[in-house]
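Contents: one structure, followed by commentary.
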Amino acid sequence: MLPKNSSKTNIIYCAVAFLLICYPFLNDSKSMLILFTQVFIFAVFAMSYDILLGFTGIVSFGHAMFFGIGAYTTGIFLKRFDQTILILILSILVAAIIAGVVSYIVGLLSLRLKSHFYAMLTLAFSGLFLVAAEKWRSLTYGNDGFTFPIPDALKDRMTLYFVTLFLMIIVYIALKRFTQSPLGRVLQAIRENEPRVESLGYAVIHYKVIASVVAGVIASFAGSMYVLTLRFVNTSVFAIDVTLDALLMTIIGGVGTLVGAIIGAGLIEFAHHWLTGLAKVHWIFERWMIFFGILYILAVMFFPLGIVGTIKLWAIKRKGKKAEVVKSEKIAG
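Under UniProt numbering, the residue at position 120 of the sequence shown is numbered 120, and the numbers go up by one with no gaps.
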């Protein structure tokens, strides 16, 4: 039997998912379909980062390397082979395998280090992939990048919308089960008190590597979907800005919540869209990053635990007050 609050939350999530499924039939705006598609893709990417930061306590500045691996693998497969659904699925699987192997190797080499050393080392690894993409012009076409065709079935924006929406839902459900499993509980214990977990006999490095591999594979899915929306890929997918976007989405939405990553992705993508759109109204909005920074500062000031985390804290406090009132009434009675 599910707790009352859990069942209410599930009903809300199902209602939101139903509205998102119905949305394309209620609004046929192509620009909004593209925007929502971007939100779903970056929500998957942010959830993968939340596995590291929110559930294991690992800060990475190189998470974009897995996003880029997915992007380039899918782009290269679709450019050099037939543009069929089978080739697309094969490219996604190959990207996931490469990302898994790379994250395993990077994890083994660097996760023994303290958090800030690990963060800088992952940035260095990401920089290596960026340089490789710039120099290996016969494969990646360097900074110029390359365009490629996509399967006919995905050329319709509505189809791509539903594919990315269902990917986000599936990834959310899978990661939710993962974080609630015994393995996920150990990861959260490592986040809270790593020496204590190690003293209990757990091989902490192995659990951290598992979290790194899971996060890397999920990030590669997001990269593969991202280039399908653009039909173009270049070295920008390896830029540190991509990792920082995932970091901001996770922090603003709520670290260690998964759903917070989805909310954070939606807020940042919509804020970016609206602020850049306002550039037509006044030239000052061309410097949209200034307003974006102000928005981030306000979010951190008023929602220090992220939006979802702060709402949960309010709910706990409200429950506590209700319990106190009931207790005082019983004593008075």
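Quick reminder that beta carbons are idealized off the backbone N, C-alpha and C, glycines included.
Keep in mind that this is a model prediction, so the values were computed, not measured.
If distances are taken between C-alpha atoms only, which option among the options comes closest to residue i?
i, options, result
"T243", "L113, Q188, A43 and S29", "A43"
"T257", "I41, L52 and A219", "L52"
"N10", "F117, G57 and I169", "I169"
"S60", "M158, V308 and L248", "L248"
"A64", "Y226, S199, K208 and N193", "Y226"
"I34", "S110, V163, L305 and R185", "V163"
"F166", "R177, T56, G260 and F221", "F221"
"I69", "V94, G57, G54 and F55", "V94"
"F67", "T56, G100, D82 and G54", "G100"
"L230", "R137, D50, A124 and I150", "I150"
"A261", "F18, F40, F36 and S29", "F40"
"R185", "G57, F36, F45 and A315", "G57"
"S224", "A15, I98 and N27", "I98"
"E134", "P304, Q38, V233 and F302", "V233"
"H206", "L183, M120, R196 and E192", "L183"
"S29", "L90, D156, G201 and T310", "D156"
"L175", "F55, T37, S31 and I12", "F55"
"L228", "D50, L128, N193 and L78", "L78"
"L130", "G62, V259, I311 and S110", "G62"
"G253", "I12, V300 and I316", "V300"
"Y296", "V171, D245, V204 and I12", "D245"
Can you tell me which of the three DSSP states residue i falls into?
i, result
"V259", "helix"
"F166", "helix"
"F42", "helix"
"H273", "helix"
"K317", "helix"
"V233", "strand"
"F238", "helix"
"Q83", "coil"
"D245", "helix"
"S7", "helix"
"V94", "helix"
"V59", "coil"
"A71", "helix"
"L200", "coil"
"F178", "helix"
"F303", "coil"
"D28", "coil"
"G254", "coil"
"M1", "Caution applies to M1, whose pLDDT of 40 falls short of 50 and renders its modelled position unreliable; the value that the coordinates give is listed next. The answer is coil: DSSP assigns M1 none of H, G, I, E or B."
Bridge partners of residue i, per DSSP?
i, result
"F36", "BP columns for F36 are empty, so no partner."
Alpha helix (DSSP H) runs wholly inside the stretch 105-165, at least 4 long, in chain order: For the stretch 105-165, the continuous alpha helix (DSSP H) assignments of 4+ residues that do not extend past its boundaries occur at 115-135 and 137-140, in sequence order.
Between the stretch 70-77 and the stretch 259-275, are three or more C-beta pairs nearer than 8 Å? As far as the Cβ criterion goes, the stretch 70-77 does not touch the stretch 259-275, which means the pair count is below three.
Stretch-stretch touch, CB-based, cutoff 8 Å, three pairs: the stretch 233-243 with the stretch 80-87: With fewer than three CB-CB distances shorter than 8 Å, the stretch 233-243 does not count as touching the stretch 80-87.
Assess, as a yes-or-no matter, whether the stretch 143-150 is touched by the stretch 21-30 under the definition of 3 or more beta carbon pairs within less than 8 Å. Flag = no, the stretch 21-30 and the stretch 143-150 do not touch.
Three or more C-beta pairs under 8 Å: does that hold for the stretch 103-120 against the stretch 210-217? Judged by Cβ distances under 8 Å, the stretch 103-120 makes contact with the stretch 210-217, as three or more pairs qualify.
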